[in-house]
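One structure below.
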Amino acid sequence: MFLINCPYCGERDQQEFKAGGEAHIERPKQPTELSDDEWAEYLFMRKNIKGVQFERWNHAHGCRKWFNMVRDTSNDEIKAIYKMGEKPPAQ
Amino acid sequence: MTKSLRVKSSEYIDETNRISFKFNGKTYHGFKGDTLASALLANNVHLVGRSFKYHRPRGIMTSGSEEPNAIVQVNPGTNRTEPNVRATEVEIYEGLEATSQNCWPSVEFDIGGINNFLSPFFPAGFYYKTFMWPASFWEKYEFFIRHSAGLGKSPTSNDPDIYDHRNIHCDVLVVGAGISGILAAKNAAKNNFKTLLVDEKNELGGSTIFENNEFNKIDNKTPSEWLKKEIEELKNIKNLEIKTRTSVAAYHQYNYLLARENLTDHLEAKDKTNKIRQRLLKIRAKKVILATGALERPLIFNNNDRPGIMLSSAIKKYSEFYGVACGSKNVFFTNNDSAYESALSLYNKGINVEAIIDIREESESKIVKKVKEAGIKVYWSHTIVDTAGYKRLNGISIMKLSNDGTSVTGSKISISCDCLGVAGGWTPAVHLYTQSGSKLKFDEEKQIFLPNQNTSGQISVGSCGGDFKIDEIIKNLNQKLKDNLNIKETDLDNIKVEIDQENSKRNIWLLPSDKPLGKTKPFVDYQNDATAKDIKLALREGFRSIEHVKRYTTTGMGTDQGKLGNMHALGIIADTAGVKMGELGTTTFRPPYTPLTFGTIVGRNVGKFFDIFRRTPINEWHVENKAEFENVGQWKRAWYYPINGETMHQAVQRESKAARESAGILDASTLGKIDIQGSDASEFLNRVYTNAWSKLAVGKCRYGLMLNEDGMVYDDGVTTRLGENHYIMTTTTGGAANVLGKLEDYLQTEWPELDVYLTSVTDHYATASLCGPNSKKILKKIIPDLDLSDENFPHMSFKEVHIGNIQCRIMRISFTGEHSYEINVQASYGKDLWEKCIEAGKEFNITPYGTETMHLLRAEKGFIIVGQDTDGTMTPIDLQMDWIVSKKKYDFIGKRSLYRSDTMREDRKQLVGLLTDDPNIVLEEGAQIVSELNQSPVEMLGHVTSSYFSPNLKKSIALAVVRGGKDMMGKKLFVPMENKNINVTVANPVFYDQKNERLNA
Ligand SMILES: [Zn+2]
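Going line by line, the protein sequences match chains A and B.
Last residue of the first sequence: 94 in this note's numbering, with the numbers rising by one and none dropped.
Last residue of the second sequence: 1058 in this note's numbering, with the numbers rising by one and none dropped.
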């Protein structure tokens, strides 16, 4: 079970958190302008990387805040955690 | 057979405290401090079980948790019975009963033993190959297999014990209290680290505590003496918590470990009551020091599984620690010096050692010389080619090994013996290390897998880290502690160690016999009866991956997870396939390291604590008035209120009629309520609901439908505008938490620019829903000052008023189609409000109704229930609710998806009403709908989602989703059931009051 450093609360057990899938997928500002394929790309397509992955997490049973995490899925090492809206750390 | 093999008093055995216990129905005696295994051995009982596949007689092999054979059922027939317990770990107490497993009718005479003589027909994969064909026979095979399988019996009545969970946060966790663990814990604690030391045994000290080998000295004392002094000193150290009888079961990421602390298993029944039996420790440690030691390996030779054949180190422990001689004519079989220590230990206690068979050519260490001086015969370069004795070993045959170790030469020598100690070298116990996700490396010289790395959060010390000699252990431990804990000095700096230990070893994974392999039984996995032959067969049949060989041969798949034989299996595969062991890798060691009881896993979360449940503030009234309850999410909701022995159907018919004819009242407190505030609240609602919200006047209510981004209906409910920038949203009972989560997600991640704040207030309010043509009169009685005219308080509007001193919010909204009010008060006034309504409604025969009647009433009106009439594949268009989807709004969640080619298909499943041709037949919810009866296969058009007998319409009504249903109005379809086909007609889903006249009745 991970130990996750919530940017608002500090280190907490994983059981307080909920994973929210891939990070940095922005909701299109003008969805009606998109073709079916373009919309499907936003809606359905997600990476599933063995290695370094950018993810969204929510401190669901804590401050309820969403934040981003960089995690190596091959060994579960959490490489970075940063707030929503902040730039991801350089690789 | 009653001859006692107790040899000499041991300080760990209290001979003044005699204990009687039963094994397989017979009474035996042991002493306080004995395990079931040591007590049985003292009574000369070796035969304790039968093997899984061949039902071969098996004896106690080890003295620890790695035991593969001595698996017993403890206290059979009681509510405290437990299967698959290792006799080597059971501390005896007065009244203990245990029985062998996997034998029927008894361990002495076992019918399944016939499998042993049929064994040529039971090769690897036998069960897969034979019993899977023909498929129809499986049921018959299964009966016999299950009947004779040795899985023990689970208790049939409730567990009387209490279990507990505890969270522990520490700086340093030390796993294993052998010499390395004790020294690590002591030095960590002394340097102000909050330290926890755990060990699965009841005594500290591991194997060093009975290490009296005169050739090893620490500070001029024997290791045993020296360590006892160290243990004594632990008592005075602050920051150190020690837990014995505590076994670490799992090592997860980020140093999160689960351990089981055993508190009462060693006590008599009368002392167990009202105490916590086992506690699951959930440990989060900044640093973990693994000092889990090493397991002795057996040797793989023909018939190496007879009762009386044990690990050499176990024989030594039984003699030194428990004061028990495992045999009266002992022989050792070894590939290293360990067996000589055991032999000497027996010799010093006056126990007869007949001979040592050593596959090495020679060894010149002092201990070997000492053994020779003692007159014990050593056969160098010899191997055992066979053993004899069915229920107990009575002899071995040995022959000379060829130089390359692959065959035997010369003539056979027979040696009579009743106990054989095997010593195949030591395997570091790296199970927990690998569970943590760390990788192993293979040490070619030592022929063992070792931890590949020590990280800042984790080190492996002592023999689990590959150090076997006391001088190496102390030197390397000292350095690792200094590096890892960042300390300058330790107790270990000035320890003087003298040792004479040789590491010389000759490793042969599979020892040859004079018979060909096919005619021998060299067991690799004792519990699952996998032999070297099976492994070779698997390789011949094309299995290459170690994980596949494991599953095909079942090697390492027993309750012991193959702790003894896994290395040999790997070695044999590597030798046969011509690959290096390092390249082969190991199978995955999965948690738990030793089995856990269900009680430990669930802890206190049993009975009413099994799952959280929620009750409304009005609950007490429902209970007093004999409501039946149903679970809706976590809520206990009143389902219906039977009177005078009514069935559910009768009660619901009565409640439904009353609600439409006069007045009904429903506890709607469970609906989710989200308070929404902020200057952008209206804009926010515009984006999350399909309809428009900006123009909703303050004091008005509106129904909203919420979609997922894929266009599918997610939730619905009425939202009321309380003020310019203030709304209260209601959600479905089950969806409340998820809706809040979803709204927060959009607010924080997609639209952080919006000034909106969300608060869950579900628990803050109690809600009574008052409905029916007389609801207005009842409310008038309760709040005489409030103008209830349609002009002042129309449908879909809101008033904030007082009943006495109690502030309440009243919405005139309706989920039944009747004139109705939802009255919200602070939760603590809920029951009071409810009773006021009941009192005021008496003259109108006000009838409390539950969720079942609510469902019926709304179905009469064709109102959907999200999650019952929808299933995550229904768009608002599919539900024929186009009217709620704004065409003008530029965007809202899910809008774009409503224009995908797939969501625009005409032949999607759409919500329709269904009427049965026979009005008395009520369809089954979930029943399939077809248009043809004489076709095969027939297309399933859809299914029934809601179905009731309507007392108000006096006929059966149903909602259904049907492919292309929108254009099928009036069409005849069929609902085929097991014994009949039901004729139905597609109808308007609004069955009752299609003009909505009753809302203002
Ligand atoms: Zn937080």
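Note that the Cβ used here is the ideal one computed from N, Cα and C, for glycine as well.
As the structure is a prediction and not an experimental result, all values here were calculated from the model.
Do you know offhand how far residue i's Cα is from residue j's?
{"i": "Ile603/B", "j": "Gly116/B", "result": "29 Å"}
{"i": "Arg336/B", "j": "Trp283/B", "result": "32 Å"}
{"i": "Val813/B", "j": "His821/B", "result": "20 Å"}
{"i": "Val923/B", "j": "Ser493/B", "result": "43 Å"}
{"i": "Thr1059/B", "j": "Ile266/B", "result": "Outside the shown range of chain B, which is 58 to 1058, sits residue 1059/B, and nothing can be said about it."}
{"i": "Lys426/B", "j": "Lys553/B", "result": "24 Å"}
{"i": "Gly350/B", "j": "Lys210/B", "result": "32 Å"}
{"i": "Leu913/B", "j": "Tyr1005/B", "result": "6 Å"}
{"i": "Asp571/B", "j": "Thr588/B", "result": "17 Å"}
{"i": "Arg137/B", "j": "Gly613/B", "result": "28 Å"}
{"i": "Asp328/B", "j": "Thr444/B", "result": "45 Å"}
{"i": "Ile416/B", "j": "Phe389/B", "result": "11 Å"}
{"i": "Val410/B", "j": "Glu151/B", "result": "34 Å"}
{"i": "Ala725/B", "j": "Met911/B", "result": "10 Å"}
{"i": "Thr466/B", "j": "Phe272/B", "result": "36 Å"}
{"i": "Phe901/B", "j": "Val775/B", "result": "28 Å"}
{"i": "Ala1015/B", "j": "Gly929/B", "result": "20 Å"}
In chain order, what residues of the same chain lie with their CB nearer than 6 Å to the CB of residue i, ignoring the 5 residues before and after it?
{"i": "Ala371/B", "result": "Thr119 and Ser120"}
{"i": "Asn319/B", "result": "Arg302 and Gln335"}
{"i": "Leu742/B", "result": "Trp750"}
Taking its Cβ as the centre, do 16 or more other Cβ atoms sit within 10 Å of residue i, making it buried, or is it exposed?
{"i": "Lys496/B", "result": "exposed"}
{"i": "Arg1061/B", "result": "The first residue shown for chain B is 58 and the last is 1058, placing residue 1061/B beyond what the model contains."}
{"i": "Thr59/B", "result": "Annotation note: pLDDT 45 at Thr59/B (below 50); position unreliable, no value reported."}
{"i": "Glu917/B", "result": "buried"}
{"i": "Arg647/B", "result": "exposed"}
{"i": "Gln515/B", "result": "buried"}
{"i": "Lys562/B", "result": "buried"}
{"i": "Ile700/B", "result": "exposed"}
{"i": "Arg597/B", "result": "exposed"}
{"i": "Lys966/B", "result": "buried"}
Excluding five sequence neighbours on each side, which residues of the same chain lie with their C-beta closer than 7 Å to the C-beta of residue i?
{"i": "Cys12/A", "result": "His62, Gly65 and Cys66"}
{"i": "Ala241/B", "result": "Val231, Ile346, Ala348, Val518, Leu534 and Leu538"}
{"i": "Gly690/B", "result": "Thr790 and Gly791"}
{"i": "Lys1059/B", "result": "Any question about residue 1059/B goes unanswered here, given that chain B covers just 58 to 1058."}
Classify residue i as helix, strand or coil using the three-state DSSP reduction.
{"i": "Pro34/A", "result": "helix"}
{"i": "Arg759/B", "result": "strand"}
{"i": "Trp566/B", "result": "coil"}
{"i": "Trp750/B", "result": "coil"}
{"i": "Glu982/B", "result": "coil"}
{"i": "Ile913/B", "result": "According to the sequence provided, residue 913/B is Leu. The question's Ile does not apply to it. Looking at Leu913/B - three-state DSSP - the assignment turns out to be helix."}
{"i": "Pro280/B", "result": "helix"}
{"i": "Leu641/B", "result": "helix"}
{"i": "Phe655/B", "result": "helix"}
{"i": "Ala316/B", "result": "strand"}
{"i": "Ser1007/B", "result": "strand"}
{"i": "Asp773/B", "result": "strand"}
{"i": "Trp483/B", "result": "strand"}
{"i": "His309/B", "result": "strand"}
Report all residues from its chain with a CB closer than 8 Å to the CB of residue i; omit the five preceding and five following residues, and keep chain order.
{"i": "Trp692/B", "result": "Phe670, Arg671, Arg672, Thr673, Thr727 and Thr790"}
Would a check of beta-carbon distances place residue i closer than 8 Å to chain D?
{"i": "Gly88/A", "result": "In the structure shown, chain D does not exist; the protein chains are A and B."}
Where the region 69-85 of chain A meets chain B: residues whose CB sits under 8 Å from a CB there: Residues passing the 8 Å Cβ filter: Trp69, Asn78 and Asp79.
By C-beta, the residues closer than 6 Å to any heavy atom of ligand 3, given in chain order: Ligand 3 is not among the ligands present in this structure, which contains only ligand 1.
Short-range partners of chain A found in the region 467-500 of chain B, where Cβ spacing is below 7 Å: Flagged, chain order: Gly494.
Where the region 639-660 of chain B meets chain A: residues whose CB sits under 8 Å from a CB there: Here the close residues number zero.
The region 33-51 of chain A: positions lying closer than 9 Å to chain B by Cβ: So the list reads Gln33, Pro34, Thr35, Leu37, Asp39, Trp42, Ala43, Tyr45, Leu46 and Phe47, given in the order they occur along the chain.
Contact set between the region 765-780 of chain B and chain A, restricted to residues whose Cβ is under 7 Å from the partner: Per Cβ criterion, the list reads Glu766 and Asp767.
Short-range partners of chain A found in the region 927-949 of chain B, where Cβ spacing is below 8 Å: Under the 8 Å Cβ criterion, the region 927-949 of chain B contributes Tyr947 and Asp948.
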